[in-house]
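In UniProt numbering, the protein residues as written are 1 to 744.
And the structure:
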């Protein structure tokens, strides 16, 4: 039966590759967000820098595998078979859990997930062993609970400290450099560059390099004894170097960001590799020890050998490095997770990815009250001086960047220093937590959170933080349940669970690839933002609006058809899907208005003032069309969902004839918008007026039936609402087309 355990080990390594892929996709946010957010280089260049750091960190690392071998459980108390169940439960839970967070675009901690999965699976088997044991051993004899508690405490501390430090240091940096940072850099940049680069080097030595394979005890001792001398030498050298680079017209901020990206990537691979392959390698070591002992009884072969420190073979580290680099370069999910943090930190309002929440609204109200108190107590001259330092009218930011290189530099330097401080204090800080909260703190200090966007961004931060702690709970419970199922179900159940885990992962990836890439669809907006001459904005703006109008009307015709068909055919699934789609589209419509208004502001002032009234009129009618669809869909869904009587067939046939004419007119109108064929639009307005009359006639005929016939009033009122809103659709579309013609 030993071949079964060999199969388990092979499964562990298959899951390890999946875990590496998924884990890197999640943790890419730690070292990519600052460089991408500030657009310090092309995306490919940033990926190459990060990938180089990841690969070097992986191949030089000894893996830090001890936490998976004996950091959470006491291996001498567990048999080989029991540990295999623990390892398999951890890996299956881990890949599914991290994949879910990546698909949602939410960063989470691979350290926390692994620790709590090990805790959950170990707790399950410990409970079984204690229940069947009369030796008096307790949970403390089976589990290393102190480690888990230290991780939880470090999480709470690091979240608060990272946010506060990021806010304070960015506030000071912005006062020194302002948003027009290229002015007055003559001597400041050398000192700033020296401090920043020295901080990053300090971080690499104390956090990133402390566990690399070439760091012998002698080297560590020498570095510890000569720390201040090394730091002083680095500070002088890098200050002079950065000053020389500045005189040579090199952007020192970009250099700092790229160095920091490389450093964080190296440290991530060197220190966090255990989160991905630590458990499979521990399982492999267990199997080697079991086979070296001649096989025997897997229920009685105890695994005290795992108390020895791990020595990871180089081939595993190289293979892990290759997988991580490929995942980093190709994973769509890695780019999505990075997008979440950058959107929450961006300098402008942009598209808000999160809604509002009661807690966020309370925090904003409290913050406004506190800010008003501080402002009232601050002398006017000081307020005026600070406001001048934070003047955004002179902001220097790369095209389409979320923030500038000053904030990107502070993000990396502060995160580096905090992680180094945590390491020196032996606090197991998570790189994910620290980098995320520093980014949130620096964006707050930069006044990137206006009153219009603050509530959404605080909701986003709370969602991400809540996600971290939810990770711990889900990881513990899931691994606990899976370990129990494996223990009581035996080999058959174990194999089924592992295969099911892989199937879920593959299915999730296929579904994710099928999701539309909306970023490319808004390239026209980005192109308009790049235009510096206001007189050249108007024509691209009209094309952008026409394209959006076409997309909107195509959606209207599709939803109107789906909702009315769903009502006539009593298809509750179609109606529910349409209702959810329409609710979600409200945010899209709001963001679209923001973007088009931003473009309108960039146009020539004289033209924009003349035309803006028609622009806003057209958009108001867009909203009227949207709300008419909502008012049709919601009562229709409620009616069908409650299994009320259907609309009589004679009514359905009469209505569908006119409806099809409206759908056809809407589609033609969409094409005219795209082609900017204003004469054809004028003709379509007459068609819509004719259709309005037809719906009005249907409404009058129904009113006669309600008066004179014994009709079902519930059905009659629903049908009346459908006709009235369809009539309103004709009116709104007619005015929408007219306003759009006047805009052009």
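Ideal placement from N, C-alpha and C gives every residue a C-beta, glycine not left out.
Short Cβ contact (9 Å threshold) for residue i with residue j
i, j, result
"residue 482", "residue 32", "no"
"residue 118", "residue 142", "no"
"residue 737", "residue 688", "yes"
"residue 600", "residue 541", "yes"
"residue 431", "residue 557", "no"
"residue 68", "residue 114", "yes"
"residue 24", "residue 235", "no"
"residue 563", "residue 575", "yes"
"residue 158", "residue 434", "yes"
"residue 416", "residue 264", "yes"
"residue 35", "residue 261", "yes"
"residue 708", "residue 628", "no"
Where residue i falls: helix, strand or coil (DSSP)
i, result
"residue 55", "helix"
"residue 303", "coil"
"residue 293", "coil"
"residue 745", "Residue 745 falls outside the range modelled here, since the chain spans only 1 to 744, and no answer is possible."
"residue 676", "coil"
"residue 473", "helix"
"residue 729", "helix"
"residue 576", "helix"
"residue 709", "coil"
"residue 14", "helix"
"residue 405", "helix"
"residue 167", "helix"
"residue 638", "helix"
"residue 496", "helix"
"residue 482", "helix"
"residue 193", "helix"
"residue 569", "coil"
"residue 347", "For residue 347, the predicted model reports a pLDDT of 48, less than 50, meaning its position is unreliable and no value from the coordinates is stated."
"residue 39", "coil"
"residue 249", "coil"
Whole-angstrom distance between residue j and residue i, CA atom to CA atom
i, j, result
"residue 9", "residue 466", "34 Å"
"residue 54", "residue 199", "20 Å"
"residue 5", "residue 362", "55 Å"
"residue 2", "residue 15", "20 Å"
"residue 298", "residue 501", "25 Å"
"residue 633", "residue 93", "40 Å"
"residue 635", "residue 656", "18 Å"
"residue 411", "residue 77", "44 Å"
"residue 136", "residue 365", "55 Å"
"residue 491", "residue 300", "17 Å"
"residue 523", "residue 461", "27 Å"
"residue 83", "residue 441", "42 Å"
"residue 690", "residue 727", "10 Å"
"residue 71", "residue 571", "55 Å"
"residue 487", "residue 11", "17 Å"
"residue 131", "residue 91", "26 Å"
"residue 654", "residue 589", "32 Å"
"residue 739", "residue 584", "26 Å"
"residue 358", "residue 275", "35 Å"
"residue 20", "residue 735", "55 Å"
"residue 534", "residue 607", "10 Å"
"residue 99", "residue 507", "11 Å"
"residue 324", "residue 316", "12 Å"
"residue 593", "residue 619", "7 Å"
"residue 311", "residue 382", "59 Å"
"residue 225", "residue 231", "12 Å"
"residue 216", "residue 222", "10 Å"
Of the residues the options, the one placed nearest residue i, counting alpha carbons only
i, options, result
"residue 676", "550, 490, 80 and 555", "550"
"residue 50", "268, 287 and 685", "268"
"residue 443", "637, 387, 170 and 20", "170"
"residue 649", "382, 716 and 686", "716"
"residue 407", "670, 293, 40 and 568", "40"
"residue 96", "598, 479, 238 and 448", "479"
"residue 456", "679, 360, 545 and 129", "360"
"residue 152", "597, 473, 489 and 646", "473"
"residue 568", "659, 377 and 273", "659"
"residue 485", "374, 85 and 503", "85"
Beta-bridge partners of residue i, as assigned by DSSP
i, result
"residue 143", "73"
Residue i: CB within 8 Å of a non-hydrogen atom of the ligand NAD
i, result
"residue 442", "Although the ligand NAD was asked about, the structure shown includes no ligands whatsoever."
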